[in-house]
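Reading through the structure tokens given below for one structure.
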Amino acid sequence: KCTKKGDFRWTTEVEEAFTQLKHHIATLPTLVAPRPGEELIMYLFATHGAISAVLLTDRNSVQTSVYFVSKALKKTEVNYSTMEKLVLALVFAAKRLRRYFQAHPIVVITDQPIKQVISKPDTSRRLQKWSVLLGEHNISYRPRTAVKGQILADFIIEKPDTGVAPPRIK
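If you read the sequence shown in this note's numbering, its first letter stands for residue 2, the second for the next number, and so on.
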């Protein structure tokens, strides 16, 4: 207990905790900064109670993480449809990662027809509002063929806090 006044002793228990901390820090996934104007890839995921997004860059056919975001849903948001939750995940990411969305073209990889849903004129007022917000960014949509980034987005939502370090993605 380093905060208490008095003698501090470096015990084997403290040494073990310090070693575990060093190991955990050393095994954290590596994040990279995107190059100016570089196209960034985004994967989205939604569950009943949370949403997440992972922003990646693809260099020499290797996807590397740039940023992760996740959010626990509020009581009202839990009742959204799966499609609305995915659009909410994109809107949340666009707000949190605004500097990336303004400086880079974003490609959303998804197996859902997000573009068609938000561009329909008879969509809900909420989706219309989100469509306007997303319209200010250079966002394109591609069908999901690669699964690596989606696994990361899924992992952020579903990983229980077991104290085990997340895997390194190369």
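Glycine included, each C-beta is placed from N, C-alpha and C at the ideal position.
Beta-carbon contacts of residue i that lie in its chain and below 6 angstroms, excluding the five residues immediately before and after
i: residue 11; result: none
i: residue 125; result: none
Reference residue i; option with closest CA among the options
i: residue 30; options: 139, 111, 66; result: 66
i: residue 58; options: 128, 9, 7, 101; result: 101
i: residue 36; options: 60, 55, 27, 128; result: 60
i: residue 97; options: 129, 78, 135, 63; result: 135
i: residue 77; options: 16, 15, 127; result: 127
i: residue 32; options: 23, 17, 64, 80; result: 64
i: residue 140; options: 99, 124, 125; result: 99
Same chain, Cβ closer than 7 angstroms to residue i, five either side skipped, listed in chain order
i: residue 74; result: 50, 51, 52
i: residue 142; result: 109, 111, 115, 116
i: residue 20; result: none
i: residue 79; result: 49, 50
Beta bridge counterpart(s) of residue i as assigned by DSSP
i: residue 110; result: 44, 143
i: residue 52; result: 47, 72
i: residue 82; result: For residue 82, which the question treats as bridged, DSSP gives no partner whatsoever.
i: residue 60; result: 63
Inter-residue CB distance, residue i and residue j (contact presumed, cutoff 8 angstroms)
i: residue 109; j: residue 115; result: 7 angstroms
i: residue 70; j: residue 93; result: 7 angstroms
i: residue 54; j: residue 22; result: Residue 54 to residue 22, Cβ: 28 angstroms. No contact.
Nonlocal neighbours in the same chain, by C-beta distance under 8 angstroms from residue i, ignoring five residues either side
i: residue 120; result: 132
i: residue 138; result: 95, 102, 103, 107
i: residue 41; result: 35, 56, 57, 58, 67, 101, 105, 106, 107, 108
* Are at least three pairs of beta-carbons, each pair with one atom in the stretch 31-50 and one in the stretch 75-88, less than 8 angstroms apart? -> yes
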